Amino acid sequence: GGGYAPDPSADWHLLAGDESALPAIAAALERAPAGATVHAFVEISGPGEEQKIATPDGFEIRWLHRGDRPVGEALVAAVRALDFPAGDVQAFVHGEAGFVKELRRHLRLEREIPRERLSISGYWRLGQSDEAWRAAKREWNEQVEREQESAS
Numbered sequence: 365g366g367g368y369a370p371d372p373s374a375d376w377h378l379l380a381g382d383e384s385a386l387p388a389i390a391a392a393l394e395r396a397p398a399g400a401t402v403h404a405f406v407e408i409s410g411p412g413e414e415q416k417i418a419t420p421d422g423f424e425i426r427w428l429h430r431g432d433r434p435v436g437e438a439l440v441a442a443v444r445a446l447d448f449p450a451g452d453v454q455a456f457v458h459g460e461a462g463f464v465k466e467l468r469r470h471l472r473l474e475r476e477i478p479r480e481r482l483s484i485s486g487y488w489r490l491g492q493s494d495e496a497w498r499a500a501k502r503e504w505n506e507q508v509e510r511e512q513e514s515a516s
């Protein structure tokens, strides 16, 4: 998360995540080149979770309120509904592993974004402790990549 920086050569940037990714998304917004086109989506439980984030050029975060829906549902719907600008995109998608996998599939297979333009990571997984997820994460990521890359 902390090592990610928006590439100034990209035509536009997509930042998407849940509460766990908010610090990294805020840092990416602060580092975004002046005048860049940025679409930032953060899924949170409700309006009380919204935070004021100082960003250059008035970049806006679209706060998506989860409510009673499953984690990631609102976020996946918002990214799918986005009218993708033309040109080279750099995408950052971090958060709960289930929706991260779904958005990776959407970006790689449906939007055909090159793998090297994606920063994608499941920070946590519903139903798993941090410790259990850390132990399984690398293998899970490799499996997702194998499944999705063989489908492309």
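Quick note: the sequence shown, position 53, residue 417 per this note's numbering, numbers continuous.
Idealized CB from N, CA, C, for every residue including glycine.
No experiment lies behind these values; they were computed from the predicted model shown.
With distances taken between CA atoms, residue 457 lies nearest to 379 out of 369, 446, 379 and 478. With a beta-carbon spacing of about 18 Å, residue 425 and residue 453 fall beyond the 8 Å limit used to define contacts.
Listed in chain order, the alpha helix (DSSP H) elements of length 4 or more contained wholly in the region 413-471 are 437-445 and 461-469. For residue 472, same chain residues with a beta-carbon under 8 Å away, outside a window of 5 residues either side, are 479, 482, 512, 513 and 516 in chain order. Note on residue 449: under 16 other CB atoms within 10 angstroms of its CB, so exposed under the neighbour-count rule. Apart from sequence neighbours up to five positions away, the residues of its chain that approach residue 385 with a beta-carbon distance below 6 Å are 458 and 459, ordered along the chain.
With distances taken between CA atoms, residue 402 lies nearest to 451 out of 451, 495, 488 and 429. Judged by beta-carbon spacing, residue 440 lies within the 7 Å limit of residue 463, meaning their Cβ atoms are closer than that value. For residue 369, there is no enclosing alpha helix (DSSP H), as DSSP marks it with neither H nor E. With respect to residue 428, residue 418 sits apart: the two C-beta atoms are not nearer than 7 Å.
For residue 407, the enclosing beta strand (DSSP E) starts and ends at 401-408.
In this structure residue 398 is not in contact with residue 370, their Cβ atoms being roughly 11 Å apart against a cut-off of 8 Å.
Check the Cα spacing between residue 499 and each of 487, 468 and 510: the tightest is with 487. Counting other Cβ atoms within 10 Å of its Cβ, residue 468 reaches 16 or more and is therefore classed as buried.
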